[in-house]
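S.K.:
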Amino acid sequence: MKKSVFYGALAAAVVFGGAAGAATLDDVKARGNLNCGVSTGLVGFASPDASGNWQGFDVAVCRAVAAAVLGDPQAVEFIPTTGKTRFTALASGEVDMLARNTTWTFSRDTDLKLDFIGVNYYDGQGFMVPKALGVTSAKDLDGATVCIQTGTTTELNLADFFRVNNISYEPVPIETNAEAQQQYLAEACDVYTTDASGLAATRASFESPGDHVILPEIISKEPLGPVVRHGDNEWG
């Protein structure tokens, strides 16, 4: 399988459309639309606007694939998935592909039998805290409660960072960005950690974004990209 770096939706259309495998391609054509797994809502990547129309970078990738395969960028069914449900949705055939903030890792590529098509966004995990907390570094978070999305690489990175720096934390498990935002603003956790792009998008949506700070530490490298099922190499 060719591992190409995606530089946007146009590249996605070329790769997905140019070498689509018969099985999935035939299913998509027979159905008349692409079932595209996206996040449950992350501004800038995939989120519905006030009219219910999905917008964002990952949405553009889905539409590019639909345009390449079906000749219609609107022929997409956007299916929200969480960190826990995304891979099951793909493996079961509920979605034809994932275009959401999903990190390409060796274990996912092999153990979960997934095929990552390429990298379309390089990210890194960061931390956001209320300015009133008076914290200027993630290394000052000893004993903090941390909102963390389950079923993600973020969980593992967080545990590694705190262990290496000999500090402790209490996880507050959440499943979606919306839940994280709600819990964080309700002060159910001191810190929200996720990809830096997600933190920036979340902070921008706050009524008073200036009351919150994204700390300088980036504790991981997160190559994000579209995913198909293993064995769907030609579709990918």
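Counting with mature numbering (1 follows the signal peptide of the UniProt record, and there is no 0), you get residues -22 to -1, 1 to 214 for the letters of the sequence shown. By construction, the Cβ of each residue, glycine as well, lies at the ideal position given by its N, Cα and C atoms.
#1: Distance, Cα to Cα, Val37 vs Asn31?
#2: I'd like the span of the alpha helix (DSSP H) that includes Asp138, first residue to last.
#3: Taking the alpha helix (DSSP H) that Ala156 belongs to, which residues open and close that run?
#4: Starting from Val169, trace the beta strand (DSSP E) in both directions and tell me its first and last residue.
#5: Does the Cβ of Val206 have 16 or more other Cβ atoms within 10 Å, making it buried, or fewer, making it exposed?
#6: Have a look at Asn79 and Glu157 and give me their C-alpha separation to the nearest angstrom.
#7: Which value, in whole angstroms, describes the spacing of the CA atoms of residue 228 and Thr60?
#8: Are the CB atoms of Val107 and Leu193 within a distance shorter than 8 Å?
#9: With a threshold of 16 other CB atoms inside 10 Å of the CB of Ala(-10), please say whether the residue is buried or exposed.
#10: In the DSSP assignment, the beta strand (DSSP E) including Val206 goes from what residue to what residue?
#11: Could you check how far apart the C-beta atoms of Cys125 and Val73 are, in whole angstroms? I think they sit under 8 Å.
M.R.: Well, looking at it:
#1: 10 Å
#2: Thr131 to Val142
#3: Asn155 to Leu163
#4: Val169 to Asp173
#5: buried
#6: 16 Å
#7: Given a span of -22 to 214 for the chain in the structure shown, any question on residue 228 remains unanswerable.
#8: yes
#9: Bear in mind that a pLDDT of 44 at Ala(-10), under 50, signals an unreliable position, so the number given afterwards is only what the model happens to contain. Classification of Ala(-10): buried, given that the 10 Å Cβ count is 16 or more.
#10: Val205 to Arg207
#11: Actually they do not touch by this definition, with Cβ atoms about 26 Å apart.
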